[in-house]
Amino acid sequence: MNVAARGFSLAMRAVGRVSALLPDGRHDPLSGRPGEIGRDIARLDGPAKVSGGIRYTADRVPARLAYAVTVPSSIAKGRITAVDSSRALAAPGVVLVMTHENAPPMKPTGAYSTLRSPVAAAAMTLPIMNTDRVFWHGQPVAVVVAETQEQAEHAARLVEVSYAAEPAVVTMSDEAAHTPAHSVLEESKTVVGAPHAALADAAVVVRGVYTTPPEHHNALELHATVAAWDGDDLTVHDTSQYPYGVKEMLAKKFGLPPERVHVLAPYIGGGFGGKTTAWPHVALTVAAAGLAGRPVKLVLSRAHTFHMTGGRAPTRSRVTLAADTGGRLTAIVHDALSTCTTDEFAEAAIVPSRHLYATPNLAVHQRVARVDRIQNAFFRGPGVTPGSFALESAMDELACRLGLDPLELRLRNEPARDPVSGRRFTSRHLREAYRLGAEAFRWDERSPAPRATRDGHWLVGQGMAAAINPDAVLVAAVRLRLHADGTVTIHSSTNELGAGTSTAQTQAAAQRLGVPMDRIRFLQGDSDVARTRIPGASAATTTLASAIWNARDRLVRELLTLAKGTDSPLAGRRPDEVETRDEGIFTTGGRGETYWRILERAGREHVEVTGRSAVPYQTVKRGTSTYGAHFAEVRVDEDTGEVRVSRWVGAFDGGRIVSPRQAASQMRGGIIQGIGMALMEETLLDERSGRIVNAGLADYHIPTHADVPDIEVRFVDVPDPQTPLGAKGIGELGIVGVAAAIANAIHHATGTRVRDLPITADKLLQHDGRLGVR
Amino acid sequence: MSGHIPVRLHVNGQAHDLSLDPRVTLLDCLREHLGLTGTKKGCDQGACGACTVLADGERINSCLTPAVQCDGMEIVTIEAMANDELGTRVQDAFLAHDGLQCGYCTSGQICSVVAMLAEHRAGRPSAVTEDLTGPAPLTDVEIRERMAGNLCRCGAYNGIVAAIREVTRT
Ligand code: FES
Ligand code: FES
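Protein chains in written order, with this note's numbering: chain R, 514 to 1287; chain E, 38 to 207.
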């Protein structure tokens, strides 16, 4: 192991030891109480969304707007030897052509995805367009700005770039691999007990190599940036999941005080991690707007979202499981390889193997190989999603070998404490999720033998898999303003990606403050509100709830101060003697008054407080994760190898569910992306040139209406005793385990095991001698 | 401007006399020239359906349609759906069944539903219609096939199908 990885491991162990001394999380009094939280309501931004009334980034058309189009490199590695912009500049409507020769200097920033220090949103440290170097195929090498989109697109084709190409490495190999400093903030190499001795002694051992391909997020909204300079003030609308991070990045890159940079991103058309970090086009749009002296809009084409924004790195996992005859695991060994770039971020497939099952012996080792490709990105369930395909497929293979029901095998290996750290969980209701899911699916009716059920030319099978995803409370602050009429406005720097954050937070705040929902306005997406580091990580619900909880406590203190020395029934009361309910502050004895009355007496138009999320001791001290179980039925066409997903039940432990309708939709969304991952999604690369050959939605397939059955979602819905609202973040959980559930169901249907995603008909026909031969 | 072509578009009941670069798609014309940004661009290649609008009552991908080709046509976009009885019912059903998340595909989905229901009423078969001799019932399989050109990356498909079921039942 290298120095960085060893250093990280030592630091993590030290944190582990110290954290044992920390107090538990503060119990949220709201977590178990009925009220707005948990009520089944329609999403609050729905009416605007169904009438086309929401303004997304690309919908902005400021006065004097010019349009930008990027030019991608046509080599994967080397140098730009010359750029001839003359033909482009002569084309009608062209305002300017920006290349490395005339782009303003942009200071390098740390890359967010290395998670070294959680600053700025930059996707990479590479000095794009401030160098003649080419680092990947499709890197932006010029930006053309014109009066219209059509003129810019035309002129972009006229820019002539000459290169001196160098040999590039675009696929991963063992020889070039090293151990990364960390694996999504966990150590990259862990050994517990004596795994190899356990393998030698085991009654049953299964071994498999499982691979997942590169994938792209393909949020339906294209990445877009609209930048406008006004003197030294910079206003940027951006499709960013992390507006505050973009503000920090741009301030640093362009040498501006942060207060002069305003990033706005209230509504995002889907992100899934692909808009967590700011890809180079964001700063390039800002630079081009500076050169043009007018606002510039850049919307990446769908092809350019493949070339100029990163996706999930490919993974290869070797998994070995050992068990006794009773089906108890005696060893888990998981070696995983993935790709990375200059900025090291591992798609750490080993992660689920560290947390999902009890085992006395364990060895996991993540490695990465550097490639000349665009920086790989966070993608829904980084690490756990591909890793769970490997682990949960292997568990199914083990169940088959043992002749044990796959659900029963999992129940026999459910741990009481985290298998690696030995820490207790804040809550873990995976058993209950298994029970709920199995019942709804009627799992007990499944025949144990593979290839036992046929419906005409369809072979029918059922499979299951477990899901796990870490839960985190991050850094955020909100500004809460109580107005004289008793209404409340909450300003936040987070945004609405479609998860239902604004609806859930309005529900939670209504109950926290004791006011009806229609008296609360939740305003989002403005980077200037407060330092807010929620780039994703399923953390919005609990982090914002924590900040609003804190804001509520500060508001109560302010209002009691206002009441002090007056004839208010609250005069002289302490914060711990009162509750917020019925649109005001009351003692348990029922004495108190409404918010507007307190403000009226004090002659105040409003009271404003800032609330900050609390340091999440509990998640450091204990393991906080979300859990789930997928039950899937597939039908495989015996003649063609076509796979159809016909039935699905997902059951999840996400703590208390704040907004059930939105939560269920989000789980379905994850499951559907998992169906895509299992059966169709793959970013295909020409291994000689590094070029992505299926850079479009006609060639990179994602699930359509016709690919998706009715999906039943169940929640355990038990509050976590140590998290805000008793909730846990569920945005990513839904996709985890889905691909394995499908692979396992396909095995049950056909008797054939495919270990390489996506499971396309050609692979099935190749592996299964009986398919396609009738 | 030289090379521009005069065109009269009727959009949501309003006439617009424009002079357009022939490369301008109907989608970009709506969004960048007429300020109707409710219609979205997800691919600009005819692969996602986000740009679906109605042209003389038929659903089309406005990203594949040059605006100058729509001279004299009646274009209806999401902004006018609330003026239409069926359109309103589809919108309400989307809300009730949570047939949306980020909302980016939603305009296209809703326009597509309205036209799809008309196609079905007119007796037009789909690729999965088994009996071509009579009116096919609008089963879930039919709905899913007929809506397959409208992608939703958030995966709101179940809610959309439920919304369509509700609209056809009432
Ligand atoms: S934008 Fe027209 S089909 Fe995708
Ligand atoms: S709701 Fe986001 S793409 Fe459909």
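Beta carbons: idealized from backbone N, C-alpha and C, even for Gly.
inquiry  = Please classify E1195/R as buried or exposed, where buried requires at least 16 neighbouring CB atoms within 10 angstroms.
reply    = Here E1195/R is buried, its C-beta having at least 16 other C-beta atoms within 10 Å.
ask   = ligand 2 heavy atoms versus the CB of Q138/E: any closer than 8 Å?
value = Remark: the shortest separation between the CB of Q138/E and any heavy atom of ligand 2 falls under 8 Å.
ask   = How would you label T207/E, buried or exposed, when you count the other beta carbons within 10 angstroms and need 16 or more for buried?
value = In the assembly as shown, T207/E is an exposed residue. Its beta-carbon has fewer than 16 other beta-carbons within 10 Å.
task = Mark T143/E as exposed unless 16 or more other C-beta atoms lie within 10 angstroms of its C-beta, in which case mark it buried.
result = Buried is the label assigned to T143/E, since at least 16 other Cβ atoms lie within 10 Å of its Cβ.
inquiry  = What does the alpha-carbon distance come out to for the pair E952/R and G186/E?
reply    = Their backbone Cα atoms lie some 35 Å apart in a straight line.
message = If contact is defined by three or more beta carbon pairs under 8 Å, each pair taking one atom from either stretch, is the stretch 708 to 717 of chain R in contact with the stretch 831 to 841 of chain R?
response = Counting Cβ pairs under 8 Å, three or more are found: they touch.
request  = Starting from Y676/R, follow the beta strand (DSSP E) in both directions and report where the run begins and ends.
outcome  = E673 to A678 is the extent of the beta strand (DSSP E) around Y676/R.
inquiry  = DSSP has R829/R in a bridge; who is on the other side?
reply    = In the DSSP secondary-structure assignment, R829/R is bridged to T724/R and L850/R.
request  = If I'm right that A826/R touches S851/R with Cβ under 8 Å, what's the distance once you round it to whole angstroms?
outcome  = That pair is a contact at about 5 Å.
ask   = Per the contact definition of three or more C-beta pairs closer than 8 Å, is the stretch 761 to 777 of chain R in contact with the stretch 787 to 805 of chain R?
value = Contact holds: three or more Cβ-Cβ distances are below 8 Å.
key: One or two residues paired with Y480/R in a DSSP bridge   = Residue 480/R cannot be examined here, being either before or after the span of chain R that is shown, 514 to 1287.
key: Which residues DSSP lists as bridging V705/R, in chain order   = Paired residues: L875/R.
query = Between the C-alpha atoms of N982/R and V1267/R, what's the straight-line distance to the nearest angstrom?
reply = Rounded to the nearest angstrom, the two C-alpha atoms are 24 Å apart.
key: Closest by C-alpha distance to L1270/R, when choosing among E1113/R, R1201/R and S830/R   = Checking every option, the nearest Cα to that of L1270/R belongs to S830/R.
ask   = Using CA coordinates, which residue listed in R1067/R, Y580/R and L628/R is at the minimum distance from L1026/R?
value = Between L1026/R and the set R1067/R, Y580/R and L628/R, the nearest pair of CA atoms involves R1067/R.
Cβ separation of I1047/R and T1007/R, assumed to be a contact under 8 Å, to the nearest whole Å = Rounded, the Cβ-Cβ distance is 5 Å, consistent with contact.
query = Mapping DSSP to helix, strand and coil, what is E122/E?
reply = E122/E falls in the helix class under three-state DSSP.
inquiry  = For a test of the three-state rule: what should DSSP assign to A555/R, helix, strand or coil?
reply    = Coil.
request  = With DSSP collapsed to three states, give me the class of H53/E.
outcome  = Three-state result, H53/E: strand.
query = Any heavy atom of ligand 2 closer than 8 Å to the CB of I141/E?
reply = Inspection of the sequence shows that residue 141/E is occupied by Tyr rather than by Ile. With a cut-off of 8 Å, the C-beta of Y141/E is classified as near ligand 2, since at least one heavy atom of the ligand falls inside that distance.
request  = Just list the alpha helix (DSSP H) runs in the stretch 516 to 551 of chain R, keeping only unbroken ones of 4 residues or longer that don't cross its boundaries, in chain order.
outcome  = List check, alpha helix (DSSP H) in window: 516 to 532.
ask   = Beta carbon of Q82/E: closer than 8 Å to some heavy atom of ligand 1?
value = Within the cutoff, so yes.
key: Spatially closest choice to H1119/R from I1003/R, E663/R, W1062/R and A1145/R, by CA coordinates   = Looking at I1003/R, E663/R, W1062/R and A1145/R, the one whose alpha-carbon comes closest to that of H1119/R is I1003/R.
inquiry  = Assuming E1277/R is part of the alpha helix (DSSP H), what are its boundary residues?
reply    = One point to set straight first is that residue 1277/R is Leu, not Glu, in the sequence displayed. Secondary structure note for L1277/R: its alpha helix (DSSP H) is the uninterrupted segment A1274 to H1280.
query = If you measure from the beta carbon of I233/E to each beta carbon in chain R, is any gap under 9 Å?
reply = Chain E is shown from 38 up to 207; residue 233/E falls before or after that span and cannot be answered.
ask   = DSSP three-state call for Y780/R: helix, strand or coil?
value = Strand, per DSSP.
request  = Quick one: grab the DSSP three-state call for K765/R.
outcome  = Residue state, collapsed to three classes: helix.
request  = State yes or no: is the C-beta of L132/E nearer than 8 Å to some heavy atom of ligand 2?
outcome  = Relative to ligand 2, even the nearest heavy atom lies 8 Å or more away from the CB of L132/E.
query = Quick one: is C142/E near chain R, going by C-beta distance under 9 Å?
reply = Judged by the 9 Å Cβ criterion, C142/E is in contact with chain R.
query = In chain E, which residues lie with their C-beta within 8 Å of the C-beta of L1210/R?
reply = The answer, in chain order, is G79, C80, Q82, A84, C85 and L188.
Which listed residue (T661/R, D1233/R and T1265/R) has its alpha carbon closest to that of R937/R = Residue nearest to R937/R within the set T661/R, D1233/R and T1265/R is D1233/R (criterion: CA-CA distance).
ask   = Would you report the Cα separation of A159/E and V1042/R, rounded to the nearest angstrom?
value = For A159/E and V1042/R, the distance between alpha carbons rounds to 53 Å.
task = Less than 8 Å between the CB atoms is what I'm expecting for G1242/R and T939/R, so what's the real figure, rounded?
result = That belief does not hold up - the Cβ atoms of G1242/R and T939/R are roughly 13 Å apart, past 8 Å.
ask   = What residues match up with F1228/R in a beta bridge as DSSP calls it?
value = Looking at the DSSP output, F1228/R bridges to F1165/R.
request  = Give me the Cα-Cα distance between Q128/E and E549/R, rounded to the nearest whole angstrom.
outcome  = The C-alpha of Q128/E lies about 25 Å from the C-alpha of E549/R.
ask   = Along the chain, where does the beta strand (DSSP E) that runs through V809/R open and close?
value = Segment V809 to V812, the beta strand (DSSP E) holding V809/R.
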